Amino acid sequence: MFENLQDRFGRVLKNVRGMGRLTESNIKDTLREVRMALLEADVALPVVREFVEQVRGKAMGEEVLRSLTPGQTLVKIVNDELISLMGEANAGLDLNVQPPAVILMAGLQGSGKTTSVAKLARWLREKQDRKVMVVSCDVYRPAAIEQLRMLAAEVEAECFPGSGDQDPVDIARRANEAAKKQFFDVLIVDTAGRLHVDAAMMDEIRALHGAVVPAETLFVVDSMTGQDAANTAKAFDAALPLTGVVLTKADGDARGGAALSIRHITGKPIKFLGVGEKTAALEPFHPDRVASRILGMGDVLSLVEEVQSKVDHEQARRLVRKLKKGKGFDLADYREQLVQMSNLGSVTELMDKLPGMNGIPDQVKQQVNDRELVKLIAIINSMTPQERTFPAVIKGSRKRRIAAGSGTRIQDVNQLLKQFTQLQKMMKKMKGGGMAKMMRGLTGRMPGGMLPGGLPF
Ligand code: GDP
Ligand code: MG
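Reading the sequence shown from the start, the letters are residues 1 to 457 in this note's numbering.
Structure follows, in structure tokens:
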């Protein structure tokens, strides 16, 4: 889902994350690329413009330019704007009416209405414990009524019988009465679609709307139609008051233009995503989750927030100052890093939130677990201040003492020293700016491929 957009954004934001300093010019470059990415994803132009303007306004703010992690902050701004574009929070169904609450489904032919009726019936029964009846008012295609009947049986919903020779409005009215008599909580009304928006279809759906007075009027639209989805939604909304959108076939949509345009163009929330042909393939639409999917970040933002709240910024700054003065990175500094990391909570948990970590086998992840961290800290704790500053003095007998003192084995001490030497070498290689950037990474996000503890994986 949304792979292309994810790819593009991924590349743009990867550069941004590493930026030591945000300037007017690199913000401008980044925004140009963001704009391109959105246009390629078939996001509607007014939406793209507004989005880019919002991000620009926020990115140029004092707070961002002076922040310790400007690149990260910019990523967060983009993320927040994506969320707000899609409507902030999940908009649920409002079925708080005298039962049966009627849900009217509208949309073009082939958009996925009938499938979505079944998915919704299943979701309401399984997740909301509602007693659901469905009815097809698609009298034009004989197979349509049969299609819904079969799907209803599959999802264990009652299907009100109708036939092709009856009037759609009449079928809907009778279904509504039957649902009321039989104490159904919800009645979902499937309707006929045309290939294009036309007057006859609009008249019919308006008449249906008038006859059943729906609690929810959902517009069903194919995600792959991109920004057209938003325009069709707008046309329907002009004919009958929509309360929300079901965006289908999101599983096959690599671009995401519909998801990003609909809310802004129509003012209507996307309430559900169809993510497959099966009746279980329906997800309530959560703007924040979709945004992080698009940014390919796992839960990286909550991670950033966690790190920002827990890491001691003052300590990190002291370290940067010290490094800038040319003093070397020693084991005491390493220990501080490790302690900061352990403050963050479970490393394994943390790693799950990092992007790109999904591919790493659990076995490997567990090698860098929390106990490992505690062990490393214990080893450094057992060293004298002199040993921490000049690790070269740590030879055989000292190693034995340190291992005994920390309850570890000599191999563990060796391993820590090796890791530390690698880390130190890496730091030396970096020029002044690179070092500061890395330390900044410490308080923001882990630099690529390495946790701040210098644990390589
Ligand atoms: P209707 O004409 O609006 O009632 O559309 P249908 O419900 O009959 O769906 C048309 C086609 O789209 C069918 O082949 C469905 O299986 C397929 N479809 C519907 N929703 C989804 C979805 O979320 N994902 C995928 N991959 N296919 C879907
Ligand atoms: Mg249908």
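Quick reminder that beta carbons are idealized off the backbone N, C-alpha and C, glycines included.
As the structure is a prediction and not an experimental result, all values here were calculated from the model.
{"Asked": "Taking the C-alpha atoms as reference points, what is the distance between N4 and A281?", "Found": "22 Å"}
{"Asked": "Should T114 be listed as close to the ligand MG, given that the test is whether its C-beta is under 6 Å from any heavy atom?", "Found": "yes"}
{"Asked": "Once the 5 residues before and after L338 are set aside, which same chain residues still bring their CB inside 8 Å of it?", "Found": "L373, L376, I377, I380, G453"}
{"Asked": "Under 8 Å by Cβ, that's how I've got M105 and A179 pegged, so tell me the actual separation to the nearest angstrom.", "Found": "Actually they do not touch by this definition, with Cβ atoms about 15 Å apart."}
{"Asked": "Can you give me the start and stop residues for the alpha helix (DSSP H) that G490 sits inside?", "Found": "Only positions 1 to 457 of the chain appear in this structure, which leaves residue 490 out of reach."}
{"Asked": "Rounded to whole angstroms, what's the CA-CA distance from F183 to P99? Just pull it up for me.", "Found": "7 Å"}
{"Asked": "If you pair each beta-carbon of the stretch 40–56 with each one of the stretch 217–231, do three or more pairs fall below 8 Å?", "Found": "yes"}
{"Asked": "Does the beta-carbon of Q72 have 16 or more other beta-carbons within 10 angstroms, so that it is buried, or is it exposed?", "Found": "buried"}
{"Asked": "Looking at the structure shown, is I103 part of a helix, part of a strand, or coil, going by DSSP?", "Found": "strand"}
{"Asked": "Are there three or more Cβ pairs, one per stretch, closer than 8 Å when the stretch 247–261 is compared with the stretch 196–216?", "Found": "no"}
{"Asked": "Under a three-way DSSP split, which group does F236 fall into?", "Found": "helix"}
{"Asked": "Would the beta-carbon of A157 be found less than 6 Å away from any heavy atom of the ligand MG?", "Found": "no"}
{"Asked": "If we call anything under 7 Å between Cβ atoms a contact, is E156 one with T279?", "Found": "no"}
{"Asked": "On the DSSP bridge assignment, give the partners of E283 in chain order.", "Found": "L273"}
{"Asked": "Could you check what DSSP says for E216 in three-state terms: helix, strand or coil?", "Found": "strand"}
{"Asked": "Can you give the Cα-Cα distance for A291 and G256, rounded to whole angstroms?", "Found": "10 Å"}
{"Asked": "Going straight from the alpha carbon of I83 to that of R122, what length do you get?", "Found": "28 Å"}
{"Asked": "Rounded to whole angstroms, what is the Cα-Cα separation between P287 and F272?", "Found": "11 Å"}
{"Asked": "Under 7 Å between the Cβ atoms of I188 and L120?", "Found": "yes"}
{"Asked": "If you reduce the DSSP assignment to three classes, tell me which class D333 lands in.", "Found": "helix"}
{"Asked": "For I145, which residues from the same chain have a beta carbon less than 8 Å from its beta carbon, with the 5 sequence-adjacent residues on both sides left out?", "Found": "S136, D138, V139, G162, S163, G164"}
{"Asked": "Where does the unbroken beta strand (DSSP E) through T244 begin, and where does it stop?", "Found": "In the sequence under discussion, the amino acid at residue 244 is Gly, which differs from the Thr named in the question. G244 -> beta strand (DSSP E) spans 244–248."}
{"Asked": "Counting only beta-carbon separations shorter than 7 Å, does G405 have a partner in chain B?", "Found": "No chain B appears in the structure shown, which is made up of a single protein chain."}
{"Asked": "Helix, strand or coil, according to DSSP, for D94 in the structure here?", "Found": "coil"}
{"Asked": "Rounded to whole angstroms, what is the Cα-Cα separation between D251 and A172?", "Found": "31 Å"}
{"Asked": "Quick one: what does DSSP say S136 is sitting in, helix, strand or coil?", "Found": "strand"}
{"Asked": "Thinking F219 and G107 are a contact (beta carbons under 8 Å), I'd like their distance in whole angstroms, please.", "Found": "6 Å"}
{"Asked": "Are there 16 or more other CB atoms within 10 angstroms of the CB of P46, so buried, or fewer, so exposed?", "Found": "exposed"}
{"Asked": "Rank D253, N231, A332, Q411 by C-alpha distance to the C-alpha of T384 and give the top, closest one.", "Found": "A332"}
{"Asked": "Between which two residues does the alpha helix (DSSP H) harbouring I27 extend?", "Found": "24–40"}
{"Asked": "Taking the straight line between their C-alpha atoms, what separation do you get for V169 and V221?", "Found": "23 Å"}
{"Asked": "R485 to G18, Cα distance in whole Å?", "Found": "Residue 485 lies beyond the residue range present for the chain, which begins at 1 and ends at 457; the question has no answer from this structure."}
{"Asked": "Determine the direct distance from the alpha carbon of L38 to that of D29, and round the result to whole angstroms.", "Found": "14 Å"}
{"Asked": "Check whether the Cβ of A144 lies closer than 6 Å to any heavy atom of the ligand MG, and answer yes or no.", "Found": "yes"}
{"Asked": "Look at the alpha carbon of T266 and the alpha carbon of T191, and state the distance between them as a whole number of angstroms.", "Found": "21 Å"}
{"Asked": "Rounded to the nearest angstrom, what separates A91 and L242 at their Cα positions?", "Found": "13 Å"}
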